[in-house]
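Contents: one structure, followed by commentary.
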Ligand SMILES: Cc1cc2nc3c(=O)[nH]c(=O)nc-3n(C[C@H](O)[C@H](O)[C@H](O)COP(=O)(O)OP(=O)(O)OC[C@H]3O[C@@H](n4cnc5c(N)ncnc54)[C@H](O)[C@@H]3O)c2cc1C
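Printed below as a string of structure tokens:
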């Protein structure tokens, strides 16, 4: 598939989601729609002290028909990372080029009746949140279960917590669990890595699993799904950030 043309985006708003993650909301500079499918990503051309760098970011929200020119990203600050540092420091109103949408980490082609398990760590939750929003918008009540298993270090690092808890309370088909690798005494939820909680969610023989985050976790989860639960590659969908 040919890469889409470069197009200009404008940083409209931003907010701090967690100590390490900044949400950035862009609009297309020309006001045209940025047509994408939930789960896809964009390449940004980021001006840094090292020159212009290309970095990819998953779109963190499902397409909104009321605001088709809008895309939302969630960027982790990487220590010493030139592009993530520049994006965390970027002023509102900044213009930059982007290419996209790109990628095939989407629900396209997945059987409608298949239970879904979404496994993400850190900002790996971004495309999973977009898919979840799209799926619950398409079918709020009816439909197979969707489970989101999210992993991070501490309670302060949990992304979109209030929103995801509210969605789980409102939609019987959606189940949500966070697991912390650095547990704290008053944490009532799961502890340890996402890898240790797959059995509670992934046993179904029709289930499709979407995994997003850093390579080590993605590879580990994929290996466990194959070895311990008999998954073939058609039911495992992955996106790696490094
Ligand atoms: C398809 C795709 C989608 C991506 N989507 C996102 C996204 O939605 N949000 C996001 O923050 N990053 C995302 N990334 C990673 C992003 O492209 C950059 O690699 C990241 O911002 C670091 O760039 P840098 O120039 O700051 O650091 P660099 O000097 O390029 O450092 C790269 C190193 O940073 C680490 N790293 C990269 N991403 C992360 C992360 N999210 N959390 C912790 N450590 C990381 C890895 O160890 C990697 O080797 C995505 C990458 C790909 C390939």
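In this note's numbering, the protein residues as written are 779 to 1020. Even glycine gets a Cβ: it sits at the ideal position worked out from N, Cα and C.
Could you give the distance in angstroms between the alpha-carbon of residue 863 and the alpha-carbon of residue 956?
Going by the C-alpha atoms only, they are around 27 Å apart.
Please determine whether the Cβ atom of residue 843 lies at a distance below 7 Å from any heavy atom of ligand 1.
No; taking the cut-off as 7 Å, the Cβ of residue 843 has no heavy atom of ligand 1 nearer than that.
Given the structure, does residue 998 come close to ligand 1, in the sense that its CB is under 7 Å from one of the ligand's heavy atoms?
False, no ligand heavy atom lies under 7 Å from that Cβ.
Looking only at DSSP bridge pairs, what is residue 990 linked to?
Note: residue 990 sits in a beta bridge opposite 898, 1017.
Ends of the alpha helix (DSSP H) at residue 862?
Segment 860-867, the alpha helix (DSSP H) holding residue 862.
Measuring only from the beta carbon, is residue 907 closer than 7 Å to any heavy atom that is part of ligand 1?
For residue 907, the Cβ stays outside the 7 Å cut-off from all heavy atoms of ligand 1.
Considering only the beta carbon of each residue, do residue 931 and residue 960 sit closer than 8 Å?
The Cβ atoms of residue 931 and residue 960 lie closer than 8 Å to each other.
Indicate whether residue 876 and residue 831 have their beta-carbon atoms separated by less than 8 Å.
Not closer than 8 Å, so no.
Compare the C-alpha of residue 904 against each of 923, 861, 937, 922 and name the closest.
Checking every option, the nearest Cα to that of residue 904 belongs to 937.
Taking its Cβ as the centre, do 16 or more other Cβ atoms sit within 10 Å of residue 977, making it buried, or is it exposed?
Exposed.
By a C-beta neighbour count over all protein chains shown, 10 Å radius and 16 as the cutoff for buried, is residue 893 buried or exposed?
Per the 10 Å Cβ criterion, buried.
Can you tell me which of 919, 901, 968 puts its alpha carbon nearest to the alpha carbon of residue 935?
Minimum Cα distance to residue 935 is reached at 901.
Given residue 943, which residues of its chain have a CB within under 7 Å of its CB, disregarding the five upstream and five downstream residues?
Hits under 7 Å: 954.
Residues passing the C-beta test against ligand 1 heavy atoms, cut-off 5 Å:
Those residues are 819, 833, 834, 835, 836, 853, 854, 856, 859, 860, 861, 862, 900, 901, 904, 1019, 1020, given in chain order.
Count the other C-beta atoms from every protein chain shown that fall within 10 angstroms of the C-beta of residue 919, then say buried if there are 16 or more, exposed otherwise.
Burial is judged here by how many other beta carbons sit within 10 angstroms of a residue's own beta carbon; residue 919 has fewer than 16 and is exposed.
On the DSSP letters alone, give me the boundaries of the beta strand (DSSP E) that residue 830 sits inside.
Element bounds for residue 830: 829-836.
Since I believe residue 836 is in contact with residue 1017 (beta carbons under 8 Å), could you give me their beta-carbon distance rounded to a whole number of angstroms?
Cβ-Cβ separation between residue 1017 and residue 836: approximately 7 Å, consistent with a contact (criterion under 8 Å).
CB-CB under 7 Å to residue 926, same chain, minus the five flanking residues each way: which ones, in chain order?
So the list reads 896, 906, 910, 942, 954, once near-sequence residues are dropped.
Rounded to whole angstroms, what is the Cα-Cα separation between residue 866 and residue 899?
It is roughly 20 Å from the alpha-carbon of residue 866 to the alpha-carbon of residue 899.
Between which residues of its own chain and residue 860 is the CB-CB distance below 7 Å, once the five residues before and five after are set aside?
For residue 860, same chain residues with a beta-carbon under 7 Å away, outside a window of 5 residues either side, are 826, 827, 828, 831 in chain order.
Please identify the residue among 989, 973, 791 whose C-alpha is closest to the C-alpha of residue 871.
Selected option, being the one with the closest Cα: 791.
Below 7 Å CB to CB, which residues in the same chain sit around residue 921 once its five sequence neighbours on both sides are set aside?
Cβ-Cβ distances below 7 Å link residue 921 to 951 in the same chain, with the five nearest sequence neighbours on each side left out; the list follows chain order.
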